[in-house]
Amino acid sequence: MTAQAFFSITAPALSLDGISKNFGELEVLRDISVQVAQGEILALLGTSGCGKSTLLNILSGLLKADQGSLQLEGQAAEHFDGWRRVAYMFQEDRLLPWRTVRSNVAFGLEGAGLNRAERLARADAALRLVELEAFAKAWPHQLSGGMRSRVALARSLVVEPSVLLMDEPFSKLDPQTRSQMHHELLRLQALKGMTIVFVTHDVEEAVVLADRVVVLEPRPGRIRDIVGIDLQRPRAPTAADVSEQVRQLRLKV
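So that you can map any letter, position 28 of the sequence shown is 28 in UniProt numbering, and since no number is skipped, the others follow by simple counting.
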């Protein structure tokens, strides 16, 4: 069964219908409609200024659309009772320099109604997931860029999300470290089964990670195409079928 056939029979984790957004007189998004299935990895791909991050912020609840509707797990966004299960990983790691790695991860649970021991236990479990438990007492300035990204990922995972939103979180990493983070993300997604929506302007990254790619065109941001990636994982960028998919997708951006 292809990825598209599987996802077509799975209830959507996220559903956008006719989403539009303006900032003053600037029209940023126009009539965005797409469904994201449970456990799907969806890429939002496009050039700068096409509204990718704005759309992600609407999905996260940080912004409200001017028109259209958003549903999460079948509930209207304004009535959704599971926002704590929606995690957001930003482009910058945003680690707090005065907190240890363990404390930075536990920070994601503050306000969740857990006592300190429970928060730290969950943080330790998240650090084990990203294989950084040995660095729990380290400080952010002692970590490499890749390790900082893994701490940020652990902070997102500590809330046990059903949906993980990612805004170009690996864009500042060198190619080798970025590739390692791709493998790490796919491993954790296979383990946890979470739905992932990520923003990227990197066509190769979209092909390597995503089940489907939403190609956005700019000013205002509109859906140009939705492309299914029916390639087996892992997807090596140098493989012939991956390179061909990258070539075809570049023609659409």
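Glycine included, each C-beta is placed from N, C-alpha and C at the ideal position.
Out of the options, state which residue places its alpha-carbon closest to the alpha-carbon of residue i.
| i | options | result |
| --- | --- | --- |
| G108 | A236, V158, E244 and A126 | V158 |
| D93 | L209, K21 and V105 | V105 |
| G51 | V227, P234, V214 and S243 | V214 |
| A11 | V34, I223 and Q189 | V34 |
| R224 | A126, P140 and L44 | L44 |
| K137 | R102, S179, E184 and E217 | R102 |
| Y88 | P97, L96, R116 and I58 | I58 |
| K252 | S20, A13, T47 and E27 | T47 |
| R233 | P218, I196, A121 and H182 | H182 |
| R99 | S53, Q71, P169 and F135 | F135 |
| L14 | F170, G49, L26 and G82 | G82 |
| E168 | S20, G49, I19 and S53 | S53 |
| W139 | P175, S20, L191 and P97 | P97 |
Measuring only the C-alpha atoms, how far is residue i from residue j?
| i | j | result |
| --- | --- | --- |
| E78 | L63 | 12 Å |
| L56 | S162 | 16 Å |
| G24 | V36 | 29 Å |
| A210 | Q245 | 12 Å |
| Q142 | F198 | 28 Å |
| G39 | F80 | 19 Å |
| N22 | A65 | 8 Å |
| S8 | Q75 | Because S8 sits at a pLDDT of 49, beneath the cut-off of 50, its placement in the model cannot be relied upon, and the point is left open. |
| M166 | F90 | 6 Å |
| H201 | Q189 | 21 Å |
| Q67 | E131 | 43 Å |
| I41 | Q180 | 17 Å |
| A239 | T177 | 19 Å |
| D31 | L72 | 18 Å |
| L186 | T195 | 11 Å |
| G49 | F170 | 19 Å |
| F115 | R235 | The residue asked about is misnamed: residue 115 is Asn in this sequence, not Phe. Distance between the alpha carbons of N115 and R235 is about 42 Å. |
Cutting at 8 Å between CB atoms, please list the residues of its own chain near residue i, excluding the five before and the five after it.
| i | result |
| --- | --- |
| A112 | R84, R119 and V159 |
| M1 | The predicted position of M1 is uncertain, since its pLDDT is 48 and thus under 50; a value taken from the coordinates is nonetheless stated next. Taken in chain order, the list of residues that qualify is empty. |
| L249 | L45, V203, A206, V207, V213, V215 and V227 |
| D124 | R102, E133 and A136 |
| E110 | R119 |
Which residues in the same chain have their Cβ closer than 7 Å to the Cβ of residue i, if we skip the five residues on either side of it in sequence?
| i | result |
| --- | --- |
| F6 | For F6, the predicted model reports a pLDDT of 48, less than 50, meaning its position is unreliable; a value from the coordinates is still stated below. Contacts found: none. |
| residue 258 | The question about residue 258 has no answer here: the residues shown for the chain are numbered 1 through 253. |
| S60 | V86, Y88 and L165 |
| L129 | A154, L157 and L188 |
| E27 | P220 |
Just confirm the distance between the C-beta atoms of residue i and residue j, as a whole number of angstroms; I'd bet it's less than 8 Å.
| i | j | result |
| --- | --- | --- |
| R247 | I229 | Contact doesn't hold; Cβ gap of about 13 Å is too wide. |
| L173 | G146 | 6 Å |
| L29 | G193 | Contact doesn't hold; Cβ gap of about 29 Å is too wide. |
| L95 | A154 | Actually they do not touch by this definition, with Cβ atoms about 11 Å apart. |
| R150 | E184 | 7 Å |
Looking only at its chain, what residues have a beta carbon closer than 6 Å to the beta carbon of residue i, apart from the 5 residues adjacent to it on each side?
| i | result |
| --- | --- |
| E204 | P237 and V246 |
| S69 | D17 |
For residue i, is the beta carbon positioned less than 6 Å from some heavy atom of the ligand GTP?
| i | result |
| --- | --- |
| V242 | As far as ligands go, the structure on display features none, and thus does not contain the ligand GTP. |
Practice prompt. Could I get the ranges of all uninterrupted alpha helix (DSSP H) runs contained in the region 187-237, with 4 residues as the minimum, in chain order?
Written response: 203-209
Worksheet entry | 3-residue-minimum beta strand (DSSP E) runs that sit fully inside the region 38-91, ordered along the chain | 41-45, 67-72 and 86-89
Worksheet item: Which runs of the alpha helix (DSSP H), 4 residues or longer, sit entirely within the region 99-185?
Response: 101-106, 116-129 and 145-157
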